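Take any residue in the sequence shown, count from 1 to its spot, add 71: that is its number in our numbering.
All C-beta atoms in this analysis are idealised placements derived from N, C-alpha and C, irrespective of residue type, glycine included.
Since this is a predicted model, take the numbers as computed values, not measurements.
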Amino acid sequence: MQDQLSALVAQAQTELAALKARPEFEAAKARYVGPNGALTALMKQMGTVPKEERPALGKLINETKTRVQALLDDALVGIESAELQAKLGPAVDATLPPPDLGPGTYHPLTLVREEMCRILRKVGFTVADGPEVETEYYCFDALNTPADHPARDAQDTFYLPEAAKFANISKKNPGEKYLLRTHTSSVQVRTMLKGKPPIRIVSPGRVYRRDTTDATHSANFHQLECLYVDKNVTVRDLKALLDYIFASLLGKDTKTRFRPHYFGYTEPSFEVDLSASHLPKVKKPWIEIGGCGMVDPTVFADVGYDPEVWSGYAFGMGLERLAMLLYGIDDIRYFYQNDLRFLKQFA
Ligand code: DAH
């Protein structure tokens, strides 16, 4: 009997260690410790053994049972871990660092925005903010852009549904609609209504237009707006400031020029062109960068400033366009795709 028991353990050792799957395991378990298994059969033979040998033999059988059970437990652990491995797929080392780990970089638009604000702070401008959800009043009416003006066309502007409510944005006129601001010029109005002149603000931010996206257009882009209100402000001051900021950002060889234009909120109004052929990839002699002019007296009157006393200039420009010039980027879509190969080029 003793020999039979040790043979059983030896056999279990080799057989159970080789088990690969659960059905085989269950069958093996039944063969060793099940009601019709080998151990049960040996236990049943106890009756044939002389009485005095029984206690020692009983002990031996129990030990064997414990041994076999331990071997079964080990086999099950092995099978379970193989099953998990199969579910997880190829081996993964979870302790390895992720690929491309490294310090983050600033987005090129952030870099240009911050640099422009720094340049303007040096000459006394402070940064002002305004909401991206606006009302017709701040975006158009107060900027002398009447309801029949094409800029207000639903083709160009994203209007929000009639039912839209924005707790932090109050309507000036009950009937006016909410919209996504089409330019940062709305911040001019908000700033003037909030305070008294003199005013010197720069306001960078996101704007929205119903444009179809291509290499030079995006329905969502960024502008930078400036407003200066004081006594005796002239076009010369405006030109001098633009010369200063573009030379500071793009290098001292940069030139600016004005072309007469029309904006409802400035008179006279100009479009601003830059000459920056010293920059890599700049092929055209002049590049349009934004609009500007002397604040229209109608705008001053509307916010309660006496146009006989106060004068001022304003300008607005696209940040993407500036960043594209500065870094030689030829497609606006790169800014929004979050491709690390693009983003990591900007420190
Ligand atoms: N808001 C104009 C635009 O989005 C740019 C602009 C023109 C801003 C003249 C101004 C300005 O402040 O005076 O195209």
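Helix, strand or coil for residue i, going by three-state DSSP, please let me know.
| i | result |
| --- | --- |
| residue 296 | strand |
| residue 168 | coil |
| residue 95 | helix |
| residue 283 | coil |
| residue 252 | coil |
| residue 161 | coil |
| residue 209 | helix |
| residue 358 | strand |
| residue 126 | helix |
| residue 339 | strand |
| residue 198 | strand |
| residue 417 | coil |
| residue 119 | helix |
| residue 275 | strand |
| residue 240 | coil |
| residue 221 | helix |
| residue 326 | strand |
| residue 345 | strand |
Which residues in the same chain as residue i place their Cβ atom closer than 8 Å to its Cβ, once the five residues preceding and following it in sequence are excluded?
| i | result |
| --- | --- |
| residue 110 | 79, 103, 104, 132, 135, 136, 139 |
| residue 177 | 185, 417, 418 |
| residue 101 | 107, 108 |
| residue 181 | none |
| residue 91 | 150, 153 |
| residue 195 | 271 |
| residue 339 | 306, 331, 364, 365 |
Among the residues of its own chain, which have a CB less than 6 Å from the CB of residue i, if the five just before and after it don't count?
| i | result |
| --- | --- |
| residue 399 | 351, 352 |
| residue 187 | 295 |
| residue 202 | 240 |
| residue 222 | 216 |
| residue 358 | 345 |
| residue 89 | none |
Work out the CA separation of residue j and residue i for me, nearest whole Å.
| i | j | result |
| --- | --- | --- |
| residue 292 | residue 166 | 40 Å |
| residue 95 | residue 117 | 29 Å |
| residue 73 | residue 152 | 35 Å |
| residue 349 | residue 326 | 11 Å |
| residue 210 | residue 243 | 12 Å |
| residue 394 | residue 205 | 26 Å |
| residue 347 | residue 315 | 14 Å |
| residue 263 | residue 408 | 36 Å |
| residue 406 | residue 287 | 11 Å |
| residue 115 | residue 141 | 22 Å |
| residue 175 | residue 415 | 8 Å |
| residue 193 | residue 311 | 14 Å |
| residue 200 | residue 412 | 32 Å |
| residue 382 | residue 307 | 13 Å |
| residue 189 | residue 232 | 38 Å |
| residue 119 | residue 163 | 57 Å |
| residue 245 | residue 168 | 57 Å |
| residue 227 | residue 234 | 21 Å |
| residue 355 | residue 321 | 15 Å |
| residue 390 | residue 402 | 14 Å |
Round the Cβ separation of residue i and residue j to the nearest angstrom and send it over; I've been treating them as touching at under 8 Å.
| i | j | result |
| --- | --- | --- |
| residue 213 | residue 373 | 5 Å |
| residue 336 | residue 367 | 5 Å |
| residue 268 | residue 376 | 6 Å |
| residue 422 | residue 361 | No answer is possible for residue 422: it lies beyond the span of the chain, which begins at 72 and ends at 418. |
| residue 261 | residue 197 | The pair is not a contact, with the Cβ atoms about 14 Å apart (cut-off 8 Å). |
| residue 253 | residue 276 | Not quite, the Cβ-Cβ distance comes to about 12 Å (not below 8 Å), so this is no contact. |
Among residues of its own chain, excluding the 5 on either side of residue i, which ones have a beta-carbon nearer than 7 Å to its beta-carbon?
| i | result |
| --- | --- |
| residue 318 | 325 |
| residue 330 | 341, 342, 344 |
| residue 83 | 103, 139, 142 |
| residue 378 | 368, 371, 372 |
Under 7 Å, Cβ to Cβ, is there at least one residue of chain C near residue i?
| i | result |
| --- | --- |
| residue 259 | In the displayed structure, chain C is absent; only one protein chain is listed. |
Count the CB pairs spanning the stretch 295 to 302 and the stretch 372 to 388 that are closer than 8 Å, and state whether there are at least three.
yes
Hey, is the stretch 231 to 247 in contact with the stretch 271 to 283, meaning 3+ C-beta pairs nearer than 8 Å?
no
The stretch 397 to 416 in contact with the stretch 148 to 159 per 3-pair CB rule at 8 Å:
no
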